[in-house]
Every structure is written in C-alpha cells, then in structure tokens.
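Peer 1: Numbering (the UniProt record's numbering), first residue to last: 1 to 60. Quick reminder that beta carbons are idealized off the backbone N, C-alpha and C, glycines included. First the structure, which I've put down as structure tokens, then a few questions once you've had a look.
Spelled out as structure tokens, the structure:
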C-alpha cells in the first residue's frame with residue numbers, strides 16, 4: 001500500500017505552484033523549488049518576490 005506522505009507532499013507542491021501564478025517565474029519554477037527543496041522554502045520565496053507588473057494599456 002502506498003504511503004500518503006509522498007502524495008500529500010506532491011499536492012502541497014502543486015498548491016505552492018498555483019500560488020505562484022501571476023508572479024515572476026510562474027508555476028513551473030515554484031513547483032520545482034517546492035518539489036526539490038521544500039514547499040516551505042518555496043512559500044518564503046513567494047512572500048519575498050513581487051508580483052509581475054500588469055501591462056499598462058496603450059492609448060492611441
């Protein structure tokens with residue numbers, strides 16, 4: 001029977017990546033950091049980094 005820890009760890013990594021949507025680096029970077037380091041470190045990076053600036057509309 002499969003242990004629940006790896007499944008839970010993977011799901012927390014996915015949630016961490018989803019929190020990163022709209023930030024520099026995006027889902028894949030933060031998912032990879034969470035997966036290979038720890039989700040806690042990835043969440044700290046999320047708090048420290050800024051959101052991606054929204055593009056300003058160009059008026060013609």
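What separation, rounded to the nearest whole angstrom, lies between the Cα atoms of residue 38 and residue 53?
Peer 2: Indexing the chain shown from 1 puts residue 38 at position 38. Indexing the chain shown from 1 puts residue 53 at position 53. Whole-angstrom Cα-Cα distance: 27 angstroms.
Peer 1: Using the C-alpha atoms, what's the distance from residue 34 back to residue 40?
Peer 2: On the chain shown, residue 40 is found 40 positions in, with the first residue counted as 1. On the chain shown, residue 34 is found 34 positions in, with the first residue counted as 1. Cα to Cα, the separation comes out at about 7 angstroms.
Peer 1: Alpha carbon to alpha carbon, how far is residue 49 from residue 24?
Peer 2: Along the chain shown, read from residue 1 onward, the residue named residue 49 stands at position 49. Along the chain shown, read from residue 1 onward, the residue named residue 24 stands at position 24. Going by the C-alpha atoms only, they are around 8 angstroms apart.
Peer 1: Alpha carbon to alpha carbon, how far is residue 44 from residue 8?
Peer 2: In the chain shown, counting from the first residue as 1, residue 44 sits at position 44. In the chain shown, counting from the first residue as 1, residue 8 sits at position 8. Each residue's alpha carbon lies about 19 angstroms from the other.
Peer 1: Alpha carbon to alpha carbon, what distance is there between residue 57 and residue 36?
Peer 2: In the chain shown, counting from the first residue as 1, residue 36 sits at position 36. In the chain shown, counting from the first residue as 1, residue 57 sits at position 57. Cα to Cα, the separation comes out at about 38 angstroms.
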